[in-house]
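Notes for the one structure printed next.
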Amino acid sequence: MLKSKTFLKKTRAGGVMKIVREHYLRDDIGCGAPGCAACGGAHEGPALEPQPQDPASSVCPQPHYLLPDTNVLLHQIVSAWRPGTWASVASSLRLPGSLETYVEQEQGENANDRNDRAIRVAAKWYNEHLKKMSADNQLQVIFITNDRRNKEKAIEEGIPAFTCEEYVKSLTANPELIDRLACLSEEGNEIESGKIIFSEHLPLSKLQQGIKSGTYLQGTFRASRENYLEATVWIHGDNEENKEIILQGLKHLNRAVHEDIVAVELLPKSQWVAPSSVVLHDEGQNEEDVEKEEETERMLKTAVSEKMLKPTGRVVGIIKRNWRPYCGMLSKSDIKESRRHLFTPADKRIPRIRIETRQASTLEGRRIIVAIDGWPRNSRYPNGHFVRNLGDVGEKETETEVLLLEHDVPHQPFSQAVLSFLPKMPWSITEKDMKNREDLRHLCICSVDPPGCTDIDDALHCRELENGNLEVGVHIADVSHFIRPGNALDQESARRGTTVYLCEKRIDMVPELLSSNLCSLKCDVDRLAFSCIWEMNHNAEILKTKFTKSVINSKASLTYAEAQLRIDSANMNDDITTSLRGLNKLAKILKKRRIEKGALTLSSPEVRFHMDSETHDPIDLQTKELRETNSMVEEFMLLANISVAKKIHEEFSEHALLRKHPAPPPSNYEILVKAARSRNLEIKTDTAKSLAESLDQAESPTFPYLNTLLRILATRCMMQAVYFCSGMDNDFHHYGLASPIYTHFTSPIRRYADVIVHRLLAVAIGADCTYPELTDKHKLADICKNLNFRHKMAQYAQRASVAFHTQLFFKSKGIVSEEAYILFVRKNAIVVLIPKYGLEGTVFFEEKDKPNPQLIYDDEIPSLKIEDTVFHVFDKVKVKIMLDSSNLQHQKIRMSLVEPQIPGISIPTDTSNMDLNGPKKKKMKLGK
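Numbering-wise (numbering that gives the first Met the number 0), the sequence shown opens with residue 0 and increments by one.
Below, the structure written as structure tokens:
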């Protein structure tokens with residue numbers, strides 16, 4: 000049936016336009032209840048349960064279906080939070096017979112009231128319809144709404160209706176569900192007669208006016224990991240003058256949570272502050288302790304030179320909350336029978352959350368998920384509710400789940416819809432696959448990868464041509480052949496964005512059939528590839544470049560060590576070894592040329608764990624050894640990426656997916672320049688080339704490790720490299736590589752960006768057809784935004800996995816003493832690097848319940864004087880390393896100073912009597 004509405008609209012030009020809106024209503028959609036006589040049992044999509052399980056509800060004892068209104072669904076969805084929750088909800092929503100339940104908006108009725116009425120009409124229709132199923136049918140639909148007027152109207156219309164809280168409290172068999180109820184409003188659940196702590200947030204309308212007039216600035220709130228009383232706001236838009244605003248103090252943070260979009264008011268210059276150098280963690284304060292925190296805030300504001308002061312502001316309102324479910328642990332109240340407890344998130348940037356639960360004894364010592372519901376003005380902490388239990392703290396499976404959830408890494412198994420687009424096995428290359436593809440199976444191609452690698456993206460070859468030149472090929476897995484645009488497999492790969500490598504687990508971007516089998520360029524099997532082939536002279540100068548889809552058969556899958564042994568062995572002269580030597584010789588020339596152009600050679604200590612084959616616990620921890628072959632592979636991957644970037648930008652000047660590395664602002668280099676100056680060295684940072692040359696010259700015959708430390712420090716000064724669409728940006732330059740253009744082409748098994756680049760290149764050489772989204776720069780920009788987020792989260796997840804396995808290693812190893820170098824000095828601590836383990840940690844000089852030593856911090860040098868001993872950046876010290884388990888939530892590697900000896904600070908060499916678990920944990924008392 001067709002229903003239409005016609006109305007007239009005045010155009011800008013003064014004319015009149017006739018608008019007709021049509022609604023096509025169906026009368027053949029079943030109710031979804033199996034065996035329904037009224038609609039012949041017909042239904043589309045998932046059916047309702049034929050006989051709902053008895054939920055033991057005291058308000059509705061007979062079997063029933065629930066129909067929540069939109070607000071209940073939106074507000075409570077997080078309570079059942081799991082990956083894919085929205086998909087399951089969407090698939091279970093039913094459309095009753097649309098003809099009978101269609102509701103038109105009445106005159107004077109707003110959209111919200113119309114929607115409420117539509118849901119009531121649907122509930123009433125269902126109850127009347129279900130009576131027709133059979134004479135003795137007792138099934139009914141219960142309407143769940145938290146809107147008082149909506150509930151009253153439903154009851155007036157004869158619809159059984161309850162609030163979410165009323166219904167959940169009626170489920171006598173499941174009292175624990177009450178814990179999962181979300182509070183109804185941000186200001187809800189205020190502490191009775193609590194003192195007002197925070198200023199009121201301005202309404203959105205006032206914030207928007209203020210932002211438009213320039214009174215307020217809009218940006219993203221970023222809480223500090225090191226100091227819970229400090230945050231920064233990254234200002235949106237082109238405000239170059241005040242790109243980053245510092246916030247200091249509880250009241251200036253004003254209930255903003257990490258990643259919220261906030262409005263800030265800039266304070267007068269007389270109130271500007273410098274970023275604090277104090278390391279400060281929230282110990283779980285009472286409402287009454289706010290005054291103590293204000294004393295701490297005053298301590299942060301020490302006298303500094305005027306040039307150190309930064310634009311400072313305060314949060315005046317929240318534009319958008321970006322809350323998510325948080326993993327962490329319950330800090331049980333020591334008030335007997337109390338239902339109110341504090342939850343401590345695993346992420347130190349998130350404030351503690353007050354929750355009410357009857358399961359505190361069960362949940363203590365376990366990792367749980369909690370959601371924030373609101374943050375009243377008179378509460379030191381936000382209010383929230385329990386979502387679900389993840390498992391025992393410290394268990395490998397639990398901790399891995401926590402770090403994946405905390406870093407938003409999609410890790411659920413691939414759905415059947417995704418798997419349905421995989422090739423059917425057994426798979427082989429067909430005549431159709433060979434169309435627009437070169438047969439390169441005769442070439443002596445090999446791959447070089449880390450040990451145990453199964454997702455082999457790339458392979459190489461080098462041979463001499465008849466004209467005396469060299470042919471060099473980089474062959475990349477042709478993943479885009481298997482993942483076609485727009486299907487479920489493509490959508491899931493785009494959502495995941497990247498493969499995530501943890502210490503003993505890999506979260507694949509694509510299903511294993513592709514990642515470790517059909518796409519992996521394993522030796523002695525035919526594989527589809529995308530090849531970049533150059534003709535070069537012996538000075539590594541490119542004479543010709545060719546791109547082609549191909550089929551290859553790798554002759555060897557080597558590790559970096561195996562390839563190095565071949566190159567170095569005087570007894571090996573086979574085709575594979577000859578090819579490797581040719582590649583290595585050219586790679587050295589390419590690297591020298593890159594460095595001459597200003598490419599940076601930085602350093603970042605990477606660690607490798609050796610696992611016990613049975614327990615899978617780490618039994619050894621070493622820094623990764625880099626060989627010439629690592630550099631050899633890297634040089635040709637870089638060259639392929641640059642060559643492909645040039646080609647796709649030539650063909651798609653507005654739609655190429657590229658990667659850039661912005662130059663750091665001069666302020667980023669301050670710590671590096673000061674640290675070098677303390678060693679009588681000069682580091683120039685005006686260009687990448689001058690920085691590279693300065694680092695090369697920064698040598699000390701008496702301190703050979705100094706250059707490595709400077710390069711590690713320089714790495715910390717860098718900006719994040721990002722993907723972008725060429726049509727949405729003018730700056731293509733890659734600072735670290737000193738390349739005017741760059742992209743990612745060489746790892747499509749583990750990076751979705753490379754899949755898009757393969758598709759662009761295939762269209763550019765006529766090997767594949769285009770599709771609309773490929774040349775939509777706005778859609779490409781959205782893809783880039785997601786990829787940048789996923790890559791950043793993958794890096795954080797990998798670091799968290801290394802940190803957890805480092806804890807496991809030192810748990811079994813006990814206390815060890817090692818040499819370390821100071822990377823940073825703080826007002827109350829030094830940050831050190833232990834070269835043997837590639838491990839970084841903080842040595843604190845102030846402890847609770849102990850007399851504080853005299854500390855004098857100098858930011859200009861930088862240095863920290865403790866009693867009569869002065870610490871500078873890069874000083875050599877000796878530290879004790881142990882696992883501190885005194886805080887189960889944040890077990891950490893604890894470092895204490897051994898040498899130099901400072902009375903009352905340094906610990907004795909003999910630590911056999913030390914308590915590894917630290918001081919006994921104090922239980923906390925909560926506010927009213």
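Glycine included, each C-beta is placed from N, C-alpha and C at the ideal position.
(request) Note down the Cα distance separating Q358 from K891, rounded to an integer number of angstroms. (result) Between Q358 and K891, the C-alpha separation is close to 27 Å.
(request) State buried or exposed for M424, treating a residue as buried only when at least 16 other CB atoms are found within 10 Å of its CB. (result) Counting of Cβ neighbours within 10 angstroms places M424 among the exposed residues, the total staying below 16.
(request) Tell me the start and end of each unbroken beta strand (DSSP E) in the region 405-454 that is at least 3 residues and wholly inside, in chain order. (result) Runs of the beta strand (DSSP E) inside the region 405-454: 436-438 and 445-448.
(request) Please say whether L599 and Y734 have beta carbons closer to each other than 9 Å? (result) Yes, the pair counts as a contact, with Cβ atoms nearer than the cut-off.
(message) Looking at the secondary structure, which residues open and close the beta strand (DSSP E) in which M328 lies?
(response) Counting along the chain, the beta strand (DSSP E) containing M328 begins and ends at Y325 to S330.
(message) With a threshold of 8 Å (Cβ to nearest heavy atom), would F546 be considered close to the ligand FAD?
(response) Looking for the ligand FAD in the displayed structure turns up nothing, as the structure carries no ligands at all.
(message) With DSSP as the reference, identify every bridge partner of F635, one or two as the case may be.
(response) DSSP output for F635 lists no bridge partner at all.
(request) Just grab the DSSP bridge partners of L557 for me. (result) The partner list for L557 (beta bridge, DSSP) reads V447.
(request) Establish whether the CB of D281 and some CB of chain C are separated by less than 9 Å. (result) Of the protein chains in the structure, only one exists, and it is not chain C.
(request) Return the Cβ separation of L7 and V15 in integer angstroms, given the expectation that the two are a contact with Cβ distance under 8 Å. (result) With a contact defined as Cβ atoms closer than 8 Å, L7 and V15 qualify at about 5 Å.
(request) Give the secondary structure of K347 by DSSP, where H, G and I count as helix, E and B as strand, and everything else as coil. (result) In the structure shown, the three-state DSSP call for K347 is coil.
(request) Could you tell me which of G218, S204 and A255 sits nearest to E229, measuring between CA atoms? (result) Nearest of G218, S204 and A255 to E229, Cα basis: A255.
(request) Starting from R893, trace the beta strand (DSSP E) both ways and give me its first and last residue. (result) Note, R893: beta strand (DSSP E), K891 to E898.
(request) Compare the beta carbon distance of A780 and F723 with 9 Å and say whether it is the shorter of the two. (result) If you check the CB distance, A780 and F723 come in under 9 Å.
(request) State the start and end residues of the unbroken beta strand (DSSP E) segment that holds D372. (result) Run containing D372: R365 to G373, per the beta strand (DSSP E) assignment.
(request) Quick one: grab the DSSP three-state call for I354. (result) The three-state reading of DSSP puts I354 in strand, counting E and B together.
(message) Give me, in chain order, the residues of the same chain whose beta-carbon lies closer than 6 Å to that of E772; leave out the 5 immediate sequence neighbours on both sides.
(response) For E772, the CB contacts under 6 Å within the same chain, skipping 5 residues up- and downstream, are K778 in chain order.
(request) Quick one: grab the DSSP three-state call for G312. (result) Three-state result, G312: strand.
(request) Could you tell me the distance, in whole angstroms, from the CA atom of L694 to the CA atom of H732? (result) Going from the Cα of L694 to the Cα of H732 covers about 21 Å.
(message) Given a cut-off of 9 Å on the beta-carbon distance, is the pair K548 and D574 in contact?
(response) The answer is no: Cβ separation not under 9 Å.
(message) In whole angstroms, give me the CA-to-CA distance for V876 and E818.
(response) It is roughly 6 Å from the alpha-carbon of V876 to the alpha-carbon of E818.
(message) Just to confirm my understanding: we take Y325, look at its own chain, exclude 5 residues before and 5 after, and list those with CB closer than 6 Å. What are they?
(response) The answer, listed in chain order, is P344, I349 and V369.
(message) Check this for me: beta carbons of R351 and G390, under 9 Å apart or not?
(response) No; because the gap between Cβ atoms is not below 9 Å, this pair is not in contact.
(message) Does G917 come out as helix, strand or coil in the three-state DSSP assignment?
(response) Any reading at G917 is ruled out, since the residue's pLDDT is 42, under 50, leaving its predicted position unreliable.
(message) Does T498 come out as helix, strand or coil in the three-state DSSP assignment?
(response) In this structure, DSSP gives T498 a state outside helix and strand, which the three-state scheme calls coil.
(request) Identify, in the order they occur along the chain, each residue of the same chain with its Cβ nearer than 6 Å to the Cβ of L404, setting aside the five sequence neighbours on each side. (result) Excluding residues within five positions, the ones whose Cβ falls inside 6 Å are C326.
(message) At the level of alpha carbons, what is the spacing between V263 and I740?
(response) Their Cα atoms are separated by approximately 37 Å.
(message) Please report the distance separating the alpha-carbon of Y856 from that of K331.
(response) Taking the straight line from one Cα to the other gives about 38 Å.
(request) Using DSSP bridges, identify the partner residues of A160. (result) Bridge pairing for A160: F142 [DSSP].
(message) If you reduce the DSSP assignment to three classes, tell me which class P665 lands in.
(response) The answer is helix: DSSP assigns P665 an H, G or I state.
(request) Using beta-carbon positions only, say whether T497 and L786 come within less than 9 Å of one another. (result) L786 is positioned such that its CB atom lies closer than 9 Å to that of T497.
(message) For C518, which residues in the same chain have their Cβ closer than 7 Å to its Cβ, ignoring the five residues on either side in sequence?
(response) Excluding its 5 nearest sequence neighbours in each direction, C518 has C-beta neighbours in its own chain below 7 Å: A476, V478, F481 and I748, listed in chain order.
(message) Taking the alpha-carbon of V261 as reference, which of W233, S169 and G581 has the nearest alpha-carbon?
(response) With distances taken between Cα atoms, V261 lies closest to W233.
(message) Looking only at its chain, what residues have a beta carbon closer than 7 Å to the beta carbon of K590, apart from the 5 residues adjacent to it on each side?
(response) Only S630 and E634 meet the Cβ criterion.
(message) Pop quiz: D259 and T144 are said to be a contact at Cβ under 8 Å. What is the actual Cβ separation, rounded to whole angstroms?
(response) Between T144 and D259 the Cβ distance is about 28 Å, and since that is not below 8 Å, they are no contact.
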